[in-house]
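A quick write-up on the structure given underneath.
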Amino acid sequence: MTASLEQLRRCHFAVDLGAARTRVYVKGAGLVVDQPSVAAVNTRTGALIAVGEFAEKMTGRTPGYIRVVRPVSGGTVVDIEMAQRMLRHLLGDKVRRGLRRKPRLRAAACTPHDADPLAQRATVETLVGLGARRVELVDTLIAAAVGCGLPVEQPEATMVLVCGAAATQVAVLSLGSIVTAERIPVGGEAVDHAIVQHLRHEHELMLPSQSVRPLHVALSGNGLTPHGPASTEIHGRDVATGLARSVQVDTAAVRDAIQTPLTAVLDGIGKVLRDCPPDLVADLADRGIVMVGGSALLPGLDQMLRRATGMPVHIAERPDVCAVQGLGAMLEGKIEPLVLDPLAT
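Reading the sequence shown from the start, the letters are residues 262 to 606 in my numbering.
Printed below as a string of C-alpha coordinates:
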(Lines of atoms letter the chains of each structure in order from A and count residues from 1; the text may use other names and numbers.)
(Lines give C-alpha, C1' and ligand atoms only; values in the text may rest on other atoms or scores of the structure.)
Protein backbone atom coordinates (compact mmCIF):
# COMPACT_ATOMS: atom_id res chain seq x y z
CA MET A 1 0.00 0.00 0.00
CA THR A 2 1.41 3.39 -1.00
CA ALA A 3 1.83 5.87 1.86
CA SER A 4 0.47 9.42 1.66
CA LEU A 5 2.76 12.35 0.88
CA GLU A 6 2.16 13.75 4.36
CA GLN A 7 3.40 10.52 5.94
CA LEU A 8 6.44 10.42 3.65
CA ARG A 9 7.45 13.99 4.55
CA ARG A 10 7.91 12.82 8.14
CA CYS A 11 10.40 10.10 7.13
CA HIS A 12 14.12 10.59 7.72
CA PHE A 13 15.58 8.18 5.17
CA ALA A 14 14.49 6.01 2.23
CA VAL A 15 15.75 2.63 1.02
CA ASP A 16 15.46 0.93 -2.37
CA LEU A 17 16.39 -2.72 -1.78
CA GLY A 18 16.88 -4.14 -5.26
CA ALA A 19 18.02 -7.57 -6.40
CA ALA A 20 21.07 -6.01 -8.06
CA ARG A 21 21.79 -2.84 -6.06
CA THR A 22 20.83 -1.24 -2.75
CA ARG A 23 20.37 2.52 -2.58
CA VAL A 24 19.79 4.71 0.48
CA TYR A 25 18.62 8.35 0.47
CA VAL A 26 18.99 10.39 3.66
CA LYS A 27 16.83 13.48 4.07
CA GLY A 28 18.97 16.58 3.73
CA ALA A 29 22.04 14.62 2.59
CA GLY A 30 20.84 13.02 -0.65
CA LEU A 31 21.91 9.64 -2.03
CA VAL A 32 24.47 8.21 0.41
CA VAL A 33 24.59 4.52 -0.67
CA ASP A 34 24.55 3.01 -4.17
CA GLN A 35 26.16 -0.43 -3.93
CA PRO A 36 25.51 -4.00 -5.14
CA SER A 37 23.21 -6.03 -2.86
CA VAL A 38 25.95 -8.56 -2.07
CA ALA A 39 27.67 -9.69 1.13
CA ALA A 40 30.57 -12.10 1.72
CA VAL A 41 30.49 -14.22 4.91
CA ASN A 42 33.07 -16.40 6.63
CA THR A 43 31.14 -19.66 7.17
CA ARG A 44 33.53 -20.79 9.95
CA THR A 45 33.02 -17.77 12.19
CA GLY A 46 29.87 -16.16 10.76
CA ALA A 47 31.76 -12.87 10.39
CA LEU A 48 30.89 -10.47 7.58
CA ILE A 49 34.00 -10.04 5.39
CA ALA A 50 32.83 -7.59 2.71
CA VAL A 51 29.72 -5.91 1.33
CA GLY A 52 28.86 -4.04 -1.86
CA GLU A 53 31.26 -3.77 -4.78
CA PHE A 54 34.16 -5.59 -3.10
CA ALA A 55 31.90 -8.53 -2.21
CA GLU A 56 30.60 -8.65 -5.79
CA LYS A 57 34.18 -8.89 -7.11
CA MET A 58 34.65 -11.94 -4.87
CA THR A 59 31.80 -13.85 -6.60
CA GLY A 60 33.15 -17.13 -7.98
CA ARG A 61 36.66 -16.39 -6.68
CA THR A 62 36.43 -17.40 -3.03
CA PRO A 63 37.87 -20.36 -1.08
CA GLY A 64 35.44 -22.89 0.37
CA TYR A 65 34.96 -21.19 3.73
CA ILE A 66 33.81 -17.84 2.23
CA ARG A 67 30.26 -17.66 0.92
CA VAL A 68 28.96 -14.79 -1.23
CA VAL A 69 25.24 -14.22 -0.60
CA ARG A 70 22.50 -11.98 -2.01
CA PRO A 71 19.94 -11.25 0.73
CA VAL A 72 17.51 -9.66 -1.75
CA SER A 73 15.90 -11.56 -4.62
CA GLY A 74 13.39 -10.08 -7.05
CA GLY A 75 12.95 -6.96 -4.93
CA THR A 76 12.04 -9.11 -1.92
CA VAL A 77 14.20 -9.59 1.18
CA VAL A 78 14.86 -13.34 1.51
CA ASP A 79 17.34 -13.14 4.42
CA ILE A 80 16.31 -10.43 6.89
CA GLU A 81 19.28 -10.78 9.25
CA MET A 82 21.85 -10.65 6.43
CA ALA A 83 20.06 -7.70 4.79
CA GLN A 84 20.25 -5.79 8.09
CA ARG A 85 23.96 -6.54 8.51
CA MET A 86 24.64 -5.54 4.90
CA LEU A 87 22.76 -2.23 5.30
CA ARG A 88 24.57 -1.39 8.55
CA HIS A 89 27.96 -1.77 6.88
CA LEU A 90 26.88 0.08 3.73
CA LEU A 91 25.58 3.04 5.75
CA GLY A 92 28.71 3.31 7.88
CA ASP A 93 29.06 4.51 11.47
CA LYS A 94 28.77 8.23 10.70
CA VAL A 95 25.42 8.03 8.88
CA ARG A 96 24.01 5.55 11.42
CA ARG A 97 24.95 7.83 14.32
CA GLY A 98 23.17 10.72 12.58
CA LEU A 99 20.03 8.63 12.10
CA ARG A 100 20.04 7.35 15.68
CA ARG A 101 19.80 10.95 16.95
CA LYS A 102 16.42 11.40 15.23
CA PRO A 103 13.44 11.17 17.60
CA ARG A 104 11.07 8.44 16.43
CA LEU A 105 13.13 7.48 13.39
CA ARG A 106 10.94 6.91 10.31
CA ALA A 107 11.89 5.17 7.07
CA ALA A 108 10.39 4.75 3.60
CA ALA A 109 11.00 1.80 1.27
CA CYS A 110 10.13 0.71 -2.27
CA THR A 111 8.17 -2.49 -2.76
CA PRO A 112 7.44 -4.20 -6.09
CA HIS A 113 3.96 -3.84 -7.54
CA ASP A 114 1.51 -6.36 -6.03
CA ALA A 115 4.09 -7.53 -3.48
CA ASP A 116 2.49 -10.08 -1.15
CA PRO A 117 2.11 -9.30 2.59
CA LEU A 118 5.05 -11.54 3.52
CA ALA A 119 7.39 -9.63 1.18
CA GLN A 120 6.16 -6.33 2.61
CA ARG A 121 6.64 -7.62 6.16
CA ALA A 122 10.21 -8.69 5.37
CA THR A 123 11.05 -5.19 4.11
CA VAL A 124 9.50 -3.58 7.20
CA GLU A 125 11.35 -5.91 9.61
CA THR A 126 14.65 -5.24 7.85
CA LEU A 127 14.34 -1.48 8.45
CA VAL A 128 12.93 -1.90 11.96
CA GLY A 129 16.12 -3.81 12.75
CA LEU A 130 18.07 -0.68 11.75
CA GLY A 131 16.21 1.36 14.36
CA ALA A 132 13.20 2.65 12.40
CA ARG A 133 10.12 3.11 14.59
CA ARG A 134 7.81 3.31 11.58
CA VAL A 135 8.20 2.21 7.95
CA GLU A 136 6.17 3.60 5.03
CA LEU A 137 5.93 1.47 1.88
CA VAL A 138 5.73 3.01 -1.60
CA ASP A 139 5.03 1.18 -4.87
CA THR A 140 8.22 1.10 -6.96
CA LEU A 141 6.26 2.17 -10.05
CA ILE A 142 5.06 5.41 -8.44
CA ALA A 143 8.47 6.17 -6.90
CA ALA A 144 10.22 5.61 -10.26
CA ALA A 145 7.70 7.77 -12.14
CA VAL A 146 8.21 10.62 -9.65
CA GLY A 147 11.98 10.19 -9.79
CA CYS A 148 12.16 10.64 -13.57
CA GLY A 149 10.00 13.78 -13.47
CA LEU A 150 6.72 12.45 -14.85
CA PRO A 151 3.60 14.50 -13.94
CA VAL A 152 1.96 11.58 -12.14
CA GLU A 153 -0.39 13.82 -10.13
CA GLN A 154 -2.05 15.26 -13.24
CA PRO A 155 -5.23 13.86 -14.93
CA GLU A 156 -3.27 12.58 -17.92
CA ALA A 157 -1.66 9.26 -18.72
CA THR A 158 1.98 8.49 -18.06
CA MET A 159 3.47 5.07 -18.77
CA VAL A 160 6.54 3.83 -16.95
CA LEU A 161 8.56 0.64 -17.53
CA VAL A 162 10.77 -0.38 -14.58
CA CYS A 163 13.44 -2.75 -15.91
CA GLY A 164 14.92 -4.52 -12.89
CA ALA A 165 17.40 -7.35 -12.51
CA ALA A 166 14.81 -10.01 -11.60
CA ALA A 167 11.52 -8.56 -12.87
CA THR A 168 10.07 -5.92 -15.17
CA GLN A 169 7.14 -3.79 -14.04
CA VAL A 170 5.00 -1.70 -16.35
CA ALA A 171 2.14 0.64 -15.44
CA VAL A 172 -0.07 3.46 -16.63
CA LEU A 173 -0.52 6.18 -14.01
CA SER A 174 -2.95 9.07 -13.69
CA LEU A 175 -3.98 11.36 -10.80
CA GLY A 176 -1.19 10.02 -8.61
CA SER A 177 -2.38 6.41 -8.76
CA ILE A 178 -1.84 3.27 -10.83
CA VAL A 179 -4.58 2.71 -13.40
CA THR A 180 -3.33 -0.61 -14.76
CA ALA A 181 -0.09 -2.44 -14.06
CA GLU A 182 1.66 -5.73 -14.73
CA ARG A 183 4.68 -7.40 -13.13
CA ILE A 184 6.61 -9.65 -15.52
CA PRO A 185 9.06 -12.13 -13.89
CA VAL A 186 11.70 -11.39 -16.54
CA GLY A 187 14.56 -8.93 -16.05
CA GLY A 188 18.22 -8.37 -16.76
CA GLU A 189 19.17 -11.65 -15.10
CA ALA A 190 16.94 -13.58 -17.53
CA VAL A 191 18.74 -11.92 -20.46
CA ASP A 192 22.10 -12.86 -18.90
CA HIS A 193 20.93 -16.46 -18.43
CA ALA A 194 19.77 -16.67 -22.07
CA ILE A 195 23.21 -15.52 -23.28
CA VAL A 196 25.03 -17.98 -20.99
CA GLN A 197 22.87 -20.90 -22.16
CA HIS A 198 23.34 -19.95 -25.83
CA LEU A 199 27.14 -19.95 -25.52
CA ARG A 200 27.08 -23.23 -23.60
CA HIS A 201 24.93 -25.05 -26.17
CA GLU A 202 26.27 -23.51 -29.39
CA HIS A 203 29.97 -23.05 -28.53
CA GLU A 204 30.44 -25.40 -25.53
CA LEU A 205 31.80 -22.43 -23.61
CA MET A 206 31.23 -21.61 -19.95
CA LEU A 207 31.38 -17.93 -19.11
CA PRO A 208 32.79 -16.48 -15.89
CA SER A 209 29.96 -15.16 -13.72
CA GLN A 210 30.92 -11.51 -14.24
CA SER A 211 31.56 -11.52 -17.99
CA VAL A 212 27.94 -11.35 -19.20
CA ARG A 213 27.67 -7.59 -18.68
CA PRO A 214 30.80 -6.98 -20.79
CA LEU A 215 29.07 -9.01 -23.50
CA HIS A 216 26.21 -6.50 -23.34
CA VAL A 217 28.79 -3.77 -23.86
CA ALA A 218 30.15 -5.66 -26.87
CA LEU A 219 26.65 -5.49 -28.31
CA SER A 220 26.57 -1.74 -27.75
CA GLY A 221 26.29 0.83 -30.45
CA ASN A 222 23.06 -0.36 -31.97
CA GLY A 223 22.93 -3.29 -29.59
CA LEU A 224 19.88 -5.43 -30.25
CA THR A 225 19.39 -4.02 -33.76
CA PRO A 226 20.92 -5.71 -36.85
CA HIS A 227 23.21 -2.67 -37.36
CA GLY A 228 25.47 -3.63 -34.44
CA PRO A 229 28.88 -5.35 -34.71
CA ALA A 230 28.82 -8.59 -36.70
CA SER A 231 30.89 -10.61 -34.21
CA THR A 232 32.79 -10.29 -30.96
CA GLU A 233 35.46 -12.36 -29.20
CA ILE A 234 34.46 -14.04 -25.92
CA HIS A 235 36.81 -15.69 -23.41
CA GLY A 236 35.66 -18.57 -21.23
CA ARG A 237 36.22 -22.19 -20.23
CA ASP A 238 35.71 -25.17 -22.51
CA VAL A 239 32.91 -27.41 -21.22
CA ALA A 240 34.64 -30.67 -22.21
CA THR A 241 38.32 -30.01 -21.40
CA GLY A 242 38.02 -27.34 -18.72
CA LEU A 243 40.76 -25.30 -20.47
CA ALA A 244 40.58 -21.60 -21.26
CA ARG A 245 39.31 -20.91 -24.77
CA SER A 246 38.28 -17.95 -26.92
CA VAL A 247 35.57 -18.02 -29.58
CA GLN A 248 34.21 -15.59 -32.13
CA VAL A 249 30.51 -15.18 -31.38
CA ASP A 250 28.00 -14.10 -34.01
CA THR A 251 26.10 -11.23 -32.37
CA ALA A 252 23.05 -11.88 -34.56
CA ALA A 253 22.71 -15.31 -32.92
CA VAL A 254 23.02 -13.70 -29.47
CA ARG A 255 20.27 -11.25 -30.38
CA ASP A 256 18.05 -14.19 -31.37
CA ALA A 257 18.83 -15.96 -28.08
CA ILE A 258 17.59 -13.05 -25.96
CA GLN A 259 14.38 -12.52 -27.93
CA THR A 260 12.48 -15.02 -25.75
CA PRO A 261 12.76 -13.09 -22.46
CA LEU A 262 12.25 -9.77 -24.24
CA THR A 263 9.06 -11.08 -25.91
CA ALA A 264 7.59 -11.63 -22.42
CA VAL A 265 8.17 -7.92 -21.70
CA LEU A 266 6.33 -6.98 -24.91
CA ASP A 267 3.41 -9.23 -23.93
CA GLY A 268 3.19 -7.47 -20.57
CA ILE A 269 3.14 -4.03 -22.19
CA GLY A 270 0.38 -5.20 -24.56
CA LYS A 271 -1.72 -6.50 -21.66
CA VAL A 272 -1.44 -3.20 -19.77
CA LEU A 273 -2.48 -1.22 -22.85
CA ARG A 274 -5.44 -3.53 -23.50
CA ASP A 275 -6.68 -3.07 -19.92
CA CYS A 276 -6.21 0.71 -20.02
CA PRO A 277 -9.14 3.11 -20.78
CA PRO A 278 -9.05 4.36 -24.41
CA ASP A 279 -8.70 8.04 -23.40
CA LEU A 280 -5.48 7.30 -21.52
CA VAL A 281 -4.09 5.19 -24.39
CA ALA A 282 -4.68 8.18 -26.69
CA ASP A 283 -2.51 10.30 -24.35
CA LEU A 284 0.25 7.70 -24.52
CA ALA A 285 0.36 7.80 -28.33
CA ASP A 286 2.07 11.20 -28.02
CA ARG A 287 3.87 10.86 -24.69
CA GLY A 288 5.02 7.24 -25.06
CA ILE A 289 6.85 5.03 -22.56
CA VAL A 290 9.57 6.11 -20.13
CA MET A 291 12.09 3.39 -19.24
CA VAL A 292 13.79 3.32 -15.82
CA GLY A 293 15.84 0.74 -13.93
CA GLY A 294 19.36 -0.60 -14.48
CA SER A 295 18.36 -2.99 -17.28
CA ALA A 296 16.87 -0.09 -19.27
CA LEU A 297 20.45 0.58 -20.39
CA LEU A 298 20.62 -2.73 -22.30
CA PRO A 299 21.83 -1.45 -25.71
CA GLY A 300 19.05 -1.29 -28.29
CA LEU A 301 16.19 -2.33 -25.97
CA ASP A 302 14.46 1.04 -26.41
CA GLN A 303 14.66 0.72 -30.20
CA MET A 304 13.15 -2.78 -30.09
CA LEU A 305 10.24 -1.56 -27.93
CA ARG A 306 9.71 1.42 -30.25
CA ARG A 307 9.44 -0.87 -33.27
CA ALA A 308 7.15 -3.36 -31.53
CA THR A 309 4.70 -0.86 -29.99
CA GLY A 310 4.80 1.99 -32.50
CA MET A 311 4.99 4.42 -29.55
CA PRO A 312 7.76 6.83 -28.54
CA VAL A 313 10.16 5.24 -26.02
CA HIS A 314 12.44 7.35 -23.83
CA ILE A 315 15.13 6.35 -21.32
CA ALA A 316 15.18 8.44 -18.14
CA GLU A 317 18.25 10.61 -17.53
CA ARG A 318 19.55 8.41 -14.69
CA PRO A 319 17.36 5.30 -15.00
CA ASP A 320 19.16 3.24 -12.35
CA VAL A 321 18.45 5.65 -9.44
CA CYS A 322 14.99 6.95 -10.42
CA ALA A 323 13.09 5.00 -7.74
CA VAL A 324 15.20 6.16 -4.79
CA GLN A 325 15.35 9.72 -6.17
CA GLY A 326 11.55 9.67 -6.35
CA LEU A 327 11.38 8.60 -2.71
CA GLY A 328 13.85 11.35 -1.87
CA ALA A 329 11.72 13.98 -3.61
CA MET A 330 8.70 12.86 -1.56
CA LEU A 331 10.75 12.99 1.67
CA GLU A 332 11.99 16.49 0.91
CA GLY A 333 8.45 17.72 0.17
CA LYS A 334 9.17 18.56 -3.48
CA ILE A 335 5.99 16.86 -4.72
CA GLU A 336 2.72 18.73 -4.24
CA PRO A 337 -0.50 16.68 -4.34
CA LEU A 338 -3.31 17.72 -6.64
CA VAL A 339 -5.99 19.16 -4.33
CA LEU A 340 -9.53 18.19 -5.31
CA ASP A 341 -11.99 20.29 -3.31
CA PRO A 342 -15.47 18.82 -3.09
CA LEU A 343 -18.03 20.87 -4.99
CA ALA A 344 -20.50 22.82 -2.90
CA THR A 345 -24.11 21.72 -3.33
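C-beta atoms are modelled at their ideal positions from N, C-alpha and C, and glycine is treated no differently.
*Determine the DSSP secondary structure at residue 297, reduced to helix, strand or coil.*
As a position in the sequence shown, residue 297 is number 36, starting the count at 1. The answer is strand: DSSP assigns residue 297 an E or B state.
_Measuring only the C-alpha atoms, how far is residue 361 from residue 367?_
The count along the sequence shown starts at 1 and reaches residue 361 at position 100. The count along the sequence shown starts at 1 and reaches residue 367 at position 106. Each residue's Cα considered, the two are about 11 Å apart.
*Drop a sphere of 10 angstroms on the beta-carbon of residue 393, count the other beta-carbons inside from all chains shown, and report buried for 16 or more, exposed for fewer.*
Numbered from its first residue, the sequence shown carries residue 393 at position 132. Counting Cβ neighbours within 10 Å, residue 393 comes out buried, since at least 16 surround it.
_Beta-carbon within less than 6 Å of residue 506's beta-carbon, same chain only, minus the 5 sequence neighbours each way: which residues are those?_
For the purposes of this step, residue 506 is taken as the residue at position 245 of the sequence shown. Taken in chain order, the residues that qualify are 499.
*Figure out for me which residue from 293, 289, 328, 317 has the closest Cα to the Cα of residue 306.*
What you label residue 306 is simply residue 45 of the sequence shown in a count that begins at 1. Closest option to residue 306, Cα to Cα, is 328.
*asked:* With a threshold of 6 Å on Cβ separation, who are the neighbours of residue 422 within its own chain once the five nearest residues in sequence on each side are excluded?
replied: Locating residue 422 in the sequence shown gives position 161, counting from the first residue. The residues are 431, 550, 552.
*So the alpha helix (DSSP H) residue 340 belongs to, where does it begin and stop?*
Against the sequence shown, residue 340 aligns to sequence position 79. First-last for residue 340: undefined, no H or E at that position.
*Enumerate in chain order the residues of its own chain whose CB-to-CB distance from residue 443 is below 6 Å, with the five nearest sequence positions on each side excluded.*
Your numbering for residue 443 matches position 182 in the sequence shown. In the same chain as residue 443, and ignoring 5 residues on each side of it, the C-beta atoms closer than 6 Å to its own belong to 431, 529, 532, 533, in chain order.
*To which residues does DSSP link residue 369 through a beta bridge?*
Here residue 369 refers to the residue found at position 108 when the sequence shown is read from its first residue. In DSSP, residue 369 forms a bridge with 275, 397.
*In whole angstroms, what is the alpha-carbon distance linking residue 272 and residue 593?*
Residue numbering aside, residue 272 sits at position 11 when the sequence shown is read from its first letter. Residue numbering aside, residue 593 sits at position 332 when the sequence shown is read from its first letter. Our two residues, residue 272 and residue 593, have alpha carbons roughly 9 Å apart in a direct line.
*How long is the line joining the alpha carbons of residue 538 and residue 353, rounded to whole angstroms?*
The residue you call residue 538 lines up with position 277 of the sequence shown. The residue you call residue 353 lines up with position 92 of the sequence shown. The alpha-carbon atoms of residue 538 and residue 353 are separated by roughly 47 Å.
*Just tell me which of 496, 465, 517, 439 has its CA closest to the CA of residue 502.*
Along the sequence shown, one-based indexing puts residue 502 at 241. Closest option to residue 502, Cα to Cα, is 465.
_For the segment 364-382 against the segment 274-285, do three or more pairs of beta-carbon atoms, one drawn from each stretch, fall closer than 8 Å, so that the two count as touching?_
Touching, yes, given that three or more Cβ pairs across the two stretches are closer than 8 Å.
_How far does the alpha helix (DSSP H) with residue 267 in it extend, from its first residue to its last?_
Here residue 267 is taken as the residue at index 6 of the sequence shown, counted from 1. Here the alpha helix (DSSP H) through residue 267 covers 266-270.
*To which residues of the same chain is residue 287 closer than 6 Å at the C-beta, ignoring the five residues directly before and after it?*
Here the question's residue 287 lines up with position 26 in the sequence shown. Here the set comprises 274, 293.
*Find out if the Cβ-Cβ distance for the pair residue 562, residue 424 is shorter than 9 Å.*
Walking along the sequence shown from the start, residue 562 turns up at place 301. Walking along the sequence shown from the start, residue 424 turns up at place 163. Yes, these two residues count as a Cβ contact at 9 Å.
_Quick check on residue 620: does DSSP put it in helix, strand or coil?_
Since the first residue of the chain shown is 262 and the last is 606, residue 620 is not available in this structure.
*asked:* For residue 268 and residue 399, what's the separation of their Cα atoms in angstroms?
replied: On the sequence shown, position 7 is the one that residue 268 refers to. On the sequence shown, position 138 is the one that residue 399 refers to. One C-alpha to the other measures close to 11 Å.
*Between residue 428 and residue 446, is the Cβ-Cβ spacing less than 9 Å?*
Within the sequence shown, the letter at position 167 stands for residue 428. Within the sequence shown, the letter at position 185 stands for residue 446. With contacts defined by Cβ atoms closer than 9 Å, residue 428 and residue 446 form a contacting pair.
_Host beta strand (DSSP E) of residue 434 (start-end)_ = On the sequence shown, residue 434 is found 173 positions in, with the first residue counted as 1. Here the beta strand (DSSP E) through residue 434 covers 429-435.
*Please report how far the alpha carbon of residue 262 lies from the alpha carbon of residue 386, in whole angstroms.*
Residue numbering aside, residue 262 sits at position 1 when the sequence shown is read from its first letter. Residue numbering aside, residue 386 sits at position 125 when the sequence shown is read from its first letter. Because the pLDDT at residue 262 is just 44, under 50, the model does not fix this residue reliably, and the value given afterwards should be weighed accordingly. One C-alpha to the other measures close to 16 Å.
*If you count every other CB in all the chains shown that lies within 10 Å of the CB of residue 291, and 16 or more means buried, which is it?*
Position 30 of the sequence shown, counting from 1, holds the residue named residue 291. Classification of residue 291: exposed, given that the 10 Å Cβ count is below 16.
*Looking at the unbroken alpha helix (DSSP H) that takes in residue 494, where does it start and where does it end?*
Residue 494 sits at position 233 when you count from the first residue of the sequence shown. From DSSP, residue 494 is part of no alpha helix (DSSP H) but of the beta strand (DSSP E) over 492-499.
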